[in-house]
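Q: Each position in the first sequence, counted from 1, maps to that position plus 420 in this note's numbering.
Right, I'll just put the structure down here and ask away after.
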Amino acid sequence: MFRVRVRDRLSMKKKVIKYVEKAVAAVAAARGFADVELSEIGIELPREKAFGDFSSNIAMQLAGRWKDNPRKIGAALKDELDKETDLAEVTIAGPGFINMRLTFPCWHQRLQEIIESGADFAQLDYGQGRRVLVEFVSANPTGPLHIGHGRGAAVGDVLARLLTWAGFSVDREYYVNDAGNQMMVLGRSLRWRYLELQGQRQGEIPEGYYQGGYLLDLAKELLADQGAELTAANVDEEDDAGLEFFTKFAADAILAGIRDDLDLFGVGFEHWTSEKKFFTSGLVDDALADLKKKEVLYEEEGATWFASSRFGDEKDRVVVRANGVKTYFASDIAYHREKYERGYDLLIDVWGADHHGYVPRLKAAIEALGHEPESFAAILVQLVSLSRGGTPVAMSTRAGQFITLEEVVREVGKDAARYFFLTRRSDSQLDFDLELAKSKNNDNPVYYAQYAHARICSIFRRAEEEGVKPNCDRASFAASLTLPEELDLIKKLDNFTALLESAARTLELHRITYYLDELAAQLHSYYNRNKVITEDLQVSGDRLLLVGAIRQVIKICLTLLGVSAPEKM
RNA sequence: GGGCAAUUAGCUCAGUUGGAUAGAGUGUUGGCCUCCGAAGCCAAAGGCCGCAGGUUCGAAUCCUGCAUUGCCCGCCA
421 MFRVRVRDRL
431 SMKKKVIKYV
441 EKAVAAVAAA
451 RGFADVELSE
461 IGIELPREKA
471 FGDFSSNIAM
481 QLAGRWKDNP
491 RKIGAALKDE
501 LDKETDLAEV
511 TIAGPGFINM
521 RLTFPCWHQR
531 LQEIIESGAD
541 FAQLDYGQGR
551 RVLVEFVSAN
561 PTGPLHIGHG
571 RGAAVGDVLA
581 RLLTWAGFSV
591 DREYYVNDAG
601 NQMMVLGRSL
611 RWRYLELQGQ
621 RQGEIPEGYY
631 QGGYLLDLAK
641 ELLADQGAEL
651 TAANVDEEDD
661 AGLEFFTKFA
671 ADAILAGIRD
681 DLDLFGVGFE
691 HWTSEKKFFT
701 SGLVDDALAD
711 LKKKEVLYEE
721 EGATWFASSR
731 FGDEKDRVVV
741 RANGVKTYFA
751 SDIAYHREKY
761 ERGYDLLIDV
771 WGADHHGYVP
781 RLKAAIEALG
791 HEPESFAAIL
801 VQLVSLSRGG
811 TPVAMSTRAG
821 QFITLEEVVR
831 EVGKDAARYF
841 FLTRRSDSQL
851 DFDLELAKSK
861 NNDNPVYYAQ
871 YAHARICSIF
881 RRAEEEGVKP
891 NCDRASFAAS
901 LTLPEELDLI
911 KKLDNFTALL
921 ESAARTLELH
931 RITYYLDELA
941 AQLHSYYNRN
951 KVITEDLQVS
961 GDRLLLVGAI
971 RQVIKICLTL
981 LGVSAPEKM
């Protein structure tokens with residue numbers, strides 16, 4: 421495998437931090453202060469453009485420590501900063517903010533770096549090659565994926581894309597919950613449908629069984645394929661000896677359907693891991709033995725408990741029931757233990773938000789096993805409520821009345837569905853309106869960004885017709901880009917690395933869609949105000965550089981989101 | 001009863017480590033195509049950042065209490 425080279429050099433912010441650090445060190449030395457905690461230096465993008473490109477509150481921070489007036493300290497720092505040739509202007513404002521403005525050539529050079537980085541721009545070495553396992557969807561193979569699973573799928577997949585981009589080595593994993601009671605119920609439900617088809621059962625399917633119509637379809641399939649081969653033992657409802665056949669048939673078929681749906685949604689997995697494997701291979705026993713060795717298990721009332729409360733959980737949890745059956749939690753401990761053994765440095769689980777109470781106990785287990793609690797993160801994904809043109813659509817998994825992911829993707833398209841799921845932070849509730857997501861010509865947010873991309877492509881097609889080319893001359897590169905909105909656009913592009921780093925650090929994906937939306941808005945606004953292709957060759961050539969760089973970043977964003985970047989719409 | 005989270009414009013939501021005059025979309029009202037794509041742009045109106053205290057140069061952001069809402073609290077998975 422080739423190693424991805426980090427092509428982005430310094431973002432402007434990091435450059436400015438260096439200047440400020442240097443100035444602080446100089447002033448500190450002059451005042452006889454030895455060490456200053458330089459990590460505390462904060463550089464911000466001011467809200468008001470008039471304040472400059474960057475601003476620092478360091479003078480106010482130092483004021484307390486040095487027992488001096490912040491504006492005085494600011495003035496001393498300004499004297500140092502004025503020596504930097506990249507800084508066009510340094511001013512002290514308000515209570516002691518230091519506002520800095522960079523020179524035009526400085527920004528033009530930054531644009532050049534961005535363009536030269538090409539499709540790799542803003543790739544980070546934040547992850548430093550550490551191995552991450554993102555586990556998501558992991559829906560029980562008892563029915564088709566619904567829209568809630570779709571959100572989890574989008575979040576997990578984009579998380580994996582983002583972390584890969586940020587320098588981690590990432591694998592995606594689907595944990596197949598193919599052990600336990602619900603699989604028995606699945607088998608019984610299919611068996612009942614099968615018998616119904618043969619006229620041996622009438623009326624409503626019993627309470628507690630899976631009611632969805634997909635089981636009836638499966639039963640038909642089963643009857644057509646191999647119905648004749650089923651023995652009396654297979655269909656004996658008194659004795660579950662033959663149940664395994666139905667369970668396996670249903671689970672395999674449903675899992676295959678799930679794979680197809682995810683494929684349609686643009687989501688693939690490196691690993692599909694079976695829960696059953698953990699019981700049959702003795703991995704659960706190994707994990708429990710490990711915990712026992714660490715002296716965090718005890719017996720009480722016939723059951724075996726894990727002392728999770730010692731690690732911050734609110735109470736201890738049962739791992740082996742009094743009847744000798746190991747709990748789901750026990751297999752989950754074994755599962756996560758095995759993930760670490762496979763060599764992953766960081767585990768990320770994407771769960772439904774109703775599982776939030778489960779986080780402390782799993783974290784406790786991870787800590788008890790000797791791993792850093794920070795090496796595990798659970799991303800909680802809130803429910804999706806579905807509506808159509810403003811009126812809610814009722815959903816009930818048990819009653820089998822729900823809109824499947826497949827239906828949604830076929831109706832609104834992969835791009836719109838994915839984008840919609842990522843416009844809000846994952847732990848806040850989301851209303852998904854089918855009509856809105858489907859609308860192709862007005863209110864749909866996904867088209868806003870795609871349109872910006874297509875629009876730039878259109879400009880380039882036009883430029884080619886007119887024989888105008890981007891300005892590649894190093895001496896005059898981008899030199900005519902001096903409008904405030906042009907500099908704002910370069911700043912926005914410059915800030916992309918910081919944006920991705922914060923998204924990767926916090927695991928918050930909505931930051932990408934917000935950034936993309938803002939960048940597209942700036943582009944549209946610029947386009948409406950200024951013509952890219954003009955009589956002036958230098959201006960046209962420079963503006964093509966700028967919009968070309970914007971197209972590049974929009975495409976990176978869309979790719980990270982798994983959304984297409986069309987050249988025409 | 002205990003725990004976790006949330007509360008920002010009519011509605012849906014952003015708001016990096018505490019920073020300067022609080023942001024977007026949508027909705028409402030009014031403008032912009034003889035001009036590179038109007039799936040776009042511009043402007044106006046709209047706020048006790050749930051309430052009350054505290055911390056400090058400075059709070060939507062941190063702390064405490066209260067109110068309201070959602071979720072979780074099984075030897076289920």
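No residue lacks a Cβ here, since even glycine has one placed at the ideal position from N, Cα and C.
Computed from a predicted model, the values in this text were never measured in an experiment.
#1: Entirely within the stretch 545–591 and at least 3 residues each: give me those beta strand (DSSP E) ranges in chain order.
#2: Measure the CB-CB distance between LEU980 and ALA869 and report whether it falls below 8 Å.
#3: Between ASP853 and PHE840, what straight-line distance do the alpha-carbon atoms span, to the nearest angstrom?
#4: By the 10 Å Cβ neighbour count, where 16 or more other Cβ atoms means buried, how is HIS569 classified, buried or exposed?
#5: To the nearest angstrom, how far is it from the Cα of THR724 to the Cα of LYS712?
#6: Quick check: the Cα distance between LYS438 and ILE910, rounded to an integer number of angstroms?
#7: In this structure, does DSSP put ILE512 in helix, strand or coil?
#8: Terminal residues of the continuous alpha helix (DSSP H) containing SER922?
#9: Please name the residue in ARG963, HIS944, SER945 whose C-alpha comes closest to that of ILE992.
#10: The ligand FMN and TYR760: does any heavy atom of the ligand fall closer than 7 Å to the residue's C-beta?
#11: Do you know offhand how far GLY494's Cα is from VAL829's?
#12: Would you identify the three-state DSSP class for LYS400, choosing helix, strand or coil?
#13: Between ARG376 and LEU856, what straight-line distance do the alpha-carbon atoms span, to the nearest angstrom?
#14: With three or more C-beta pairs closer than 8 Å as the rule, is the stretch 904–920 touching the stretch 557–576?
#15: Could you give the distance in angstroms between the alpha-carbon of ALA661 and the alpha-carbon of ASN601?
#16: With a threshold of 8 Å on Cβ separation, who are the neighbours of LEU544 within its own chain once the five nearest residues in sequence on each side are excluded?
#17: Along the chain, where does the beta strand (DSSP E) that runs through TYR630 open and close?
#18: What whole-angstrom Cβ distance do TYR764 and THR693 have, given they're in contact under 8 Å?
#19: For a test of the three-state rule: what should DSSP assign to VAL828, helix, strand or coil?
#20: What is the residue span of the alpha helix (DSSP H) that GLY677 lies within?
#21: For the stretch 731–748 against the stretch 627–639, do three or more pairs of beta-carbon atoms, one drawn from each stretch, fall closer than 8 Å, so that the two count as touching?
#22: What number of angstroms, rounded off, separates the C-alpha of ILE768 from the C-alpha of ILE799?
#23: Between which two residues does the beta strand (DSSP E) containing ASN519 stretch?
#24: Closest to ALA788 by C-alpha separation, out of ASP835, LYS988, ASN864, HIS756, would be which residue?
#25: Looking at the strands, I want to know which residues DSSP matches up with GLU379.
#26: By Cβ distance, which residues of its chain are closer than 7 Å to VAL590, with the 5 residues on each side in sequence left out?
#27: Quick one: give me the first and last residue of the alpha helix (DSSP H) that ARG963 is part of.
#28: In the DSSP assignment, the beta strand (DSSP E) including ASP769 goes from what residue to what residue?
#29: At which residues does the alpha helix (DSSP H) containing ARG611 begin and terminate?
#30: I need the DSSP call for ARG467, collapsed to helix, strand or coil.
#31: Looking at the unbroken beta strand (DSSP E) that takes in ASP937, where does it start and where does it end?
#32: Do you know how far the Cα of GLN972 is from the Cα of PHE524?
#33: Could you check what DSSP says for PHE897 in three-state terms: helix, strand or coil?
#34: Compute the Euclidean distance between the alpha carbons of VAL832 and ARG679, then round it to the nearest angstrom.
#35: What three-state label does DSSP hand PRO990 in the structure shown?
#36: Could you round the C-beta distance between VAL967 and ILE879 to whole angstroms and report it? I think they count as a contact, below 8 Å.
A: Answer, in terms of the structure:
#1: Runs of the beta strand (DSSP E) inside the stretch 545–591: 551–555.
#2: No, Cβ-Cβ distance for LEU980 and ALA869 is not below 8 Å.
#3: Between ASP853 and PHE840, the C-alpha separation is close to 9 Å.
#4: Sixteen is the threshold: when 16 or more other Cβ atoms of the shown chains lie within 10 Å of the Cβ of HIS569, as they do, the residue is buried.
#5: If you take the alpha carbons of THR724 and LYS712, they lie about 10 Å apart.
#6: Cα to Cα, the separation comes out at about 20 Å.
#7: DSSP, reduced to helix, strand and coil, places ILE512 within a strand of the structure shown.
#8: Run containing SER922: 916–926, per the alpha helix (DSSP H) assignment.
#9: Because the chain in this structure spans residues 421 to 989, residue 992 falls outside the shown range and cannot be described.
#10: In the structure on display, the ligand FMN does not appear, and there are no ligands present to speak of.
#11: GLY494 and VAL829: Cα-Cα distance of roughly 56 Å.
#12: Nothing can be reported for residue 400, as the shown portion of the chain is limited to 421 through 989.
#13: This structure cannot speak to residue 376, because the chain is shown only from 421 to 989.
#14: The answer is no - the stretch 904–920 does not touch the stretch 557–576, with fewer than three Cβ pairs under 8 Å.
#15: The C-alpha of ASN601 is placed about 15 Å away from the C-alpha of ALA661.
#16: Same-chain partners within the cutoff: VAL426, ASP428, TRP585, ALA586, GLY587, THR917, LEU920, GLU921, ALA924.
#17: Note, TYR630: premise wrong, no beta strand (DSSP E); not H, not E.
#18: With a Cβ gap of about 13 Å, TYR764 and THR693 do not count as contacting.
#19: Three-state result, VAL828: helix.
#20: In the DSSP annotation of this structure, the continuous segment of the alpha helix (DSSP H) that includes GLY677 starts and ends at 663–684.
#21: Verdict: no, contact absent.
#22: Roughly 7 Å between the two C-alpha positions.
#23: For ASN519, the enclosing beta strand (DSSP E) begins and ends at 517–522.
#24: HIS756 is the residue among ASP835, LYS988, ASN864, HIS756 whose C-alpha sits nearest the C-alpha of ALA788.
#25: Summary: the structure shown does not reach residue 379, with the chain confined to residues 421 through 989, and so no result is reported for it.
#26: Exclusion of the five residues before and after VAL590 leaves VAL552, VAL554, ALA580, LEU583, THR584 as the residues of its chain whose Cβ lies within less than 7 Å of its Cβ.
#27: Start and end: 957–981.
#28: Run containing ASP769: 766–772, per the beta strand (DSSP E) assignment.
#29: Bounds of the alpha helix (DSSP H) holding ARG611 are 601–617.
#30: Three-state result, ARG467: coil.
#31: Judged by DSSP secondary structure, ASP937 falls outside any beta strand (DSSP E) and instead within the alpha helix (DSSP H) spanning 930–949.
#32: Between the C-alpha atoms of PHE524 and GLN972 there is a straight-line separation of about 22 Å.
#33: The answer is coil: DSSP assigns PHE897 none of H, G, I, E or B.
#34: So the two alpha carbons sit approximately 19 Å from each other.
#35: Since the displayed the chain opens at 421 and closes at 989, residue 990 lies outside it and no answer follows.
#36: Going by Cβ atoms, the distance from VAL967 to ILE879 rounds to 6 Å, so yes, they are a contact pair.
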